[in-house]
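The structure under discussion appears below in the form of structure tokens.
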Amino acid sequence: MKSLKELNKIKEEVKEKQEKIKENDIKITIAMGTCGIAAGAREVSEAILDELETRDLDNVTVAYTGCIGLCHHEPLVKVAAPDQPVVLYGNLNPEAGRKIIAQHIVNNRIVDKLAINKE
């Protein structure tokens, strides 16, 4: 068990991270449940993170979640950008992850061929 001092330090670190997330940031959520990982979500995540770093995009926040119940469409990635519909992309591979960054994040164009739902 961690001491109160250690817990407070963790609390402050989390608070700082949350404050860095700006209202206008683009949010990417990657499904990393067992089914997603088995289908290649880890490799898709690595490709997305690599592409974001290569392009030096600092207005994008990447988060992870567990299974969202659409196992037959794994790996799944949700993109929520300001003033755009939330898009759920599915059946992805690393190349598709890079394409989402290049087209949707950089050029504000939804990748219709990869989208399985738009809210």
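To convert, count from 1 in the sequence shown and add 1070; that's the working numbering.
Ideal Cβ placement from N, Cα and C applies to all residues, glycine included.
Remember, it's a predicted structure, so these values are computed and weren't measured experimentally.
Where does the unbroken beta strand (DSSP E) through residue i begin, and where does it stop?
{"i": "L1162", "result": "Run containing L1162: none; DSSP gives neither H nor E here."}
{"i": "V1132", "result": "1130 to 1135"}
{"i": "K1148", "result": "1147 to 1150"}
{"i": "I1100", "result": "1096 to 1101"}
{"i": "N1187", "result": "1185 to 1188"}
Drop a sphere of 10 angstroms on the beta-carbon of residue i, count the other beta-carbons inside from all chains shown, and report buried for 16 or more, exposed for fewer.
{"i": "K1081", "result": "exposed"}
{"i": "L1077", "result": "exposed"}
{"i": "Y1159", "result": "buried"}
{"i": "S1073", "result": "exposed"}
{"i": "I1203", "result": "Within the shown structure, residues of the chain are numbered from 1071 to 1189, placing residue 1203 beyond reach of any answer."}
{"i": "E1121", "result": "buried"}
{"i": "V1084", "result": "exposed"}
{"i": "E1123", "result": "exposed"}
{"i": "E1144", "result": "buried"}
Just the C-alpha distance for residue i and residue j, rounded to the nearest angstrom, thanks.
{"i": "L1119", "j": "L1140", "result": "23 Å"}
{"i": "H1142", "j": "K1148", "result": "16 Å"}
{"i": "A1108", "j": "E1116", "result": "15 Å"}
{"i": "V1130", "j": "I1170", "result": "13 Å"}
{"i": "L1146", "j": "V1176", "result": "19 Å"}
{"i": "D1182", "j": "E1086", "result": "35 Å"}
{"i": "C1137", "j": "K1075", "result": "34 Å"}
{"i": "Q1154", "j": "D1095", "result": "12 Å"}
{"i": "R1125", "j": "A1172", "result": "9 Å"}
{"i": "E1113", "j": "K1079", "result": "32 Å"}
What residue does the alpha helix (DSSP H) around residue i start on, and which one ends it?
{"i": "V1114", "result": "1111 to 1124"}
Would you grab the beta carbon distance between residue i and residue j for me? Rounded to a whole angstrom, and I think it's under 8 Å.
{"i": "A1133", "j": "T1099", "result": "5 Å"}
Under 7 Å between C-beta atoms, does residue i make it to chain E?
{"i": "T1135", "result": "Reference to chain E is not applicable here, since this structure consists of a single protein chain."}
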